[in-house]
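Trainee: Pasting a structure below so you can have a look.
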Amino acid sequence: MTDNNVKEIEDLIKIVSKLPGLGPKSAKRIVLRLINNREELIKPLTNTLAQVYKNVVRCNICGNLKSANSNCVCNSKKYDQICVVENIADMWAIQSSGIYKGHYHILGGTLPSFESKNTGGALLIESLVNRVKKNSVKEVILATSASIEGETTSHYISDSLKGTKVKITRLAKGVPVGGEIEFLDDGTLFSAFKNRGPVVSD
Ligand SMILES: [Zn+2]
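FYI, the working numbering numbers position 130 of the sequence shown as 130, with every residue one higher than the one before it.
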């Protein structure tokens, strides 16, 4: 058993239990495994974490993660489709479903439904408009959640893109109301993507 009087261990358990899906019990189990495998686990983990901390940054154009000293994929060659998601986890869910293989734009959240339209600055919406113009993008696929916030954000984005000629589509309503993209099964995601429809602006 872990000796709870050791401050270093207590601190580590506290941090690990903050990770998603882990409570204090599983955190203890993980910490114990680490301690019992100092060379095989703690050493490489420490190095890798330090590298990630130092070198992985968020691209301020597309919102994706990138290595600090290399160009982001959004800056590589031209592309004609962009799928807009709220966060990285949503992008990973769509990627693993295999339905879409194009470029992404990660907003970094949603607009609060109750706030005025002028709050778009915090999310990467302006840079989306710039990407669409710069690359003459033909289709923007809005894959935000089917929640009020997701819908508000999606409307705000299609308004912002009005000046461009881009075709804007939204995932089909197969996405359950309130449904977060990250937690959809591949089948639902697949059909929502396949049946995506044009966004009608009012
Ligand atoms: Zn980028």
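Think of the CB as a built atom: it goes at the ideal place given N, C-alpha and C, for glycine as much as any other residue.
(1) Looking at the secondary structure, which residues open and close the beta strand (DSSP E) in which Ser67 lies?
(2) Check this for me: beta carbons of Ile125 and Cys83, under 8 Å apart or not?
(3) Which of the three DSSP states is assigned to Tyr104 in this structure?
(4) Would you say the beta carbon of Lys134 comes nearer than 7 Å to a heavy atom of ligand 1?
(5) Can Cys74 and Asn64 be called in contact, C-beta distance under 8 Å?
(6) I need the boundaries of the alpha helix (DSSP H) containing Arg7, first residue and last residue.
(7) Would Leu111 and Leu123 qualify as a contact pair, given that the criterion is a beta-carbon distance under 8 Å?
(8) In terms of residue numbering, what span does the beta strand (DSSP E) encompassing Arg196 cover?
(9) Among all the DSSP beta bridges, which residues are the ones paired with Arg207?
(10) Count Cβ pairs between the stretch 151-168 and the stretch 180-193 that sit closer than 8 Å; are there 3 or more?
(11) Please give me, in chain order, every unbroken run of the beta strand (DSSP E) with length at least 3 that falls completely inside the stretch 37-98.
(12) Starting from Asn130 and walking both ways along the alpha helix (DSSP H), at which residues does that stretch end?
(13) Give the straight-line distance between the Cα atoms of Thr48 and Asp186, rounded to the nearest whole angstrom.
(14) Any heavy atom of ligand 1 within a distance shorter than 7 Å of the CB on Cys83?
(15) Confirm the yes/no value for this check: CB of Ile61, any heavy atom of ligand 1, distance under 7 Å.
(16) Are the CB atoms of Ala89 and Glu182 within a distance shorter than 8 Å?
(17) Just to confirm, is the Cβ distance from Lys78 to Cys72 under 8 Å?
Mentor: If we stick to the structure as given:
(1) 65-67
(2) no
(3) strand
(4) no
(5) yes
(6) The sequence shown places Lys at residue 7, not Arg. Lys7 -> alpha helix (DSSP H) spans 7-16.
(7) yes
(8) Element bounds for Arg196: n/a, residue is neither H nor E.
(9) The structure shown does not extend to residue 207, since the chain is modelled only from 1 through 202, so no value can be given for it.
(10) no
(11) 56-58, 65-67, 81-85
(12) 126-134
(13) 31 Å
(14) no
(15) yes
(16) yes
(17) no
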